[in-house]
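Protein chains in written order, with our numbering: chain A, 865 to 1060; chain B, 865 to 1060; chain C, 865 to 1060.
What follows is the structure, encoded as structure tokens:
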């Protein structure tokens, strides 16, 4: 059951991170293919790292074709509609925050479902959440935004991972509580961007 | 049988990508060790990513010592004969195109031989083909050439992976048809560089 | 038995590399969280790459919580005491040399304990030793120090991996001989920095 929740939240997270990657591709002057590649790397990279570390068969992005849908839709959407939008840097941060919020929850849940202990689950949740953005920024030859000292990035992810782990252990995890944990992370991240 | 074809084409691909890595090392002013390291990373990196994602034991580059031969020969060759060659940038692109052409075919075949579905096989073939070059360029602190909007890079790899998948499913795969698929990719890439 | 030795030397290596990562974070102006992240990436990255390549379950950094202790202690220590130290570049190189010396030994031993042949064990030992530093430098958007042509980096790691492999095959491996192999690597690296 928690895996189904994870899948849904995970796919939305892929979409958000892929939008952030494609927006960065647009800012860097990459073409449509570059948009698809950087969008896919941002959207799918964190989950691939997570699944490679879990070491339970090929990553979901390769074994489950549905993962490609949000990544490709996001890249096409950005390339054809959003790439000339004003304040794309701000938009990038918003979508990145959405991906961060969802992936710290789903990464933790997938680790716990795979039998990891709660501490390792939280660690893998944070790794999943920050991994896609780090891959995106490294590939585009920028210092990863997770290291920007002006605002909080890893702390909200850590809180979200801990919330998800707590909900899972208490048996309170469902789409509503999982989504609420992600919403808390998103809010913390946005507040930190505004007042950081 | 298709694995033997893959091994031969794979080793030639390792050689080509390792030459590209060592040429980049020469341009960056790295020494012989840097040439071996960046050559090995370019030549073996895509295959290591492929095998880590397939999750069927240690990567071939570590379990099969023969993979080190083309990587080391390429690095030594470049360091002692080619590093002062004129137009090394152009040479780098040619060898990179050769590696791309071979790895999109062998990556797809190895994925299909491991039981992946055709779609995932094509995806892993493209990942293998672009992976080594991305690792090479990221490590040398450059924007990966796959993102250069002036020419086609991922599209030829995608076509080659789709050709390899089709040949494999039809049972038509042999050294000749596999090599022909790689030749098509190489030609497309070179044409795109010339007229892009 | 050799695994216990490995664990001890490995944890000290994590501490050394984590110090180097946190010192780089300080030089880059990252905050405490950035210090913890870059320190953890430097300290744990090489071992995660090693364990992902060995493909025998989740990496030790995720399955064994004790690995987090030296990484977190190192980051806190640097952030609160060392970050404004003079000549932090020199200090970074010293701690990096310590991590290199220990990881080439422990990476090789873990590979041999996992059943790899000696050649592959040495290759994986070198990969473990240089991997954390490469990840650290790539993430901070710098050319990895392993490519600095002025001094030796990979050669001492190769010698240490070969020594560890020899000791293991002869059955002479214990904490003293393993530590002595690491000391040889450290000395070679430091001599190369001074007279390179």
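A virtual CB, placed ideally from N, CA and C, is assigned to each residue, including glycine. As the structure is a prediction and not an experimental result, all values here were calculated from the model.
Assigned secondary structure, residue i (DSSP; H/G/I helix, E/B strand, else coil)
i	result
residue 1022 of chain C	helix
residue 1017 of chain C	coil
residue 977 of chain B	helix
residue 1004 of chain C	coil
residue 929 of chain B	helix
residue 1030 of chain C	helix
residue 945 of chain B	helix
residue 923 of chain B	coil
residue 868 of chain B	helix
residue 1060 of chain C	coil
residue 902 of chain A	helix
residue 1039 of chain A	helix
residue 1053 of chain A	helix
residue 893 of chain A	coil
residue 950 of chain A	coil
residue 915 of chain C	helix
residue 874 of chain B	helix
residue 1012 of chain B	coil
Exposure label - residue i; buried when at least 16 CB within 10 Å
i	result
residue 865 of chain B	Confidence at residue 865 of chain B is low in this model, with a pLDDT of 45, below 50, so the placement of that residue should be treated as unreliable; the coordinate-derived value is given next. With fewer than 16 Cβ atoms within 10 Å of its Cβ, residue 865 of chain B is classed as exposed.
residue 950 of chain B	exposed
residue 1034 of chain C	exposed
residue 942 of chain B	buried
residue 1022 of chain C	buried
residue 929 of chain B	exposed
residue 933 of chain A	exposed
residue 948 of chain B	exposed
residue 1039 of chain C	exposed
residue 1044 of chain A	exposed
residue 956 of chain A	buried
residue 1051 of chain C	exposed
residue 979 of chain C	exposed
residue 1061 of chain C	Residue 1061 of chain C cannot be examined here, being either before or after the span of chain C that is shown, 865 to 1060.
residue 868 of chain C	exposed
residue 1059 of chain B	exposed
residue 1042 of chain C	buried
residue 1037 of chain B	buried
residue 875 of chain B	buried
residue 1055 of chain B	exposed
residue 995 of chain A	buried
Contact list for residue i against chain C, beta-carbon separation under 7 Å
i	result
residue 1010 of chain A	901
residue 969 of chain A	What residue 969 of chain A touches in chain C: nothing, since even the nearest Cβ is about 18 Å away.
residue 1003 of chain B	998, 1002, 1008
residue 1054 of chain A	Residues of chain C passing the Cβ test: none, with the nearest at roughly 17 Å.
residue 988 of chain A	926
Per-residue contacts from residue i into chain C (C-beta, under 9 Å)
i	result
residue 927 of chain B	980, 981, 984
Beta-carbon separation (whole angstroms), residue i vs residue j, contact threshold 8 Å
i	j	result
residue 964 of chain C	residue 923 of chain C	Not quite, the Cβ-Cβ distance comes to about 19 Å (not below 8 Å), so this is no contact.
residue 917 of chain B	residue 926 of chain A	6 Å
residue 884 of chain C	residue 959 of chain C	4 Å
residue 992 of chain A	residue 967 of chain A	5 Å
residue 935 of chain A	residue 909 of chain A	That pair is no contact at about 10 Å.
residue 888 of chain C	residue 902 of chain C	6 Å
residue 1029 of chain C	residue 971 of chain C	The Cβ separation is near 11 Å, so there is no contact.
residue 1013 of chain A	residue 1001 of chain C	About 19 Å; that fails the 8 Å criterion.
residue 1005 of chain B	residue 1007 of chain C	5 Å
residue 999 of chain B	residue 905 of chain B	5 Å
residue 1048 of chain B	residue 1025 of chain B	At roughly 11 Å, the Cβ-Cβ gap does not stay under 8 Å, so residue 1048 of chain B and residue 1025 of chain B are not in contact.
Contacts of residue i in chain A (Cβ-Cβ under 7 Å)
i	result
residue 1018 of chain B	897, 901
Under 8 Å by beta carbon: chain C residues contacting residue i
i	result
residue 923 of chain A	None at all; the shortest Cβ gap to chain C is about 12 Å.
residue 972 of chain B	Within chain C, no residue comes near residue 972 of chain B; the closest Cβ sits about 21 Å away, beyond 8 Å.
Chain-ordered neighbours of residue i on chain A, where CB pairs are closer than 8 Å
i	result
residue 940 of chain C	Those do not exist, as residue 940 of chain C stays about 15 Å from chain A at its closest Cβ, beyond 8 Å.
Cross-chain neighbours of residue i in chain B, by beta carbon under 8 Å
i	result
residue 894 of chain A	1011, 1013
Along the stretch 909-921 of chain A, where does the CB come closer than 9 Å to a CB of chain B? Name the residues.
912, 915, 916, 919, 920, 921
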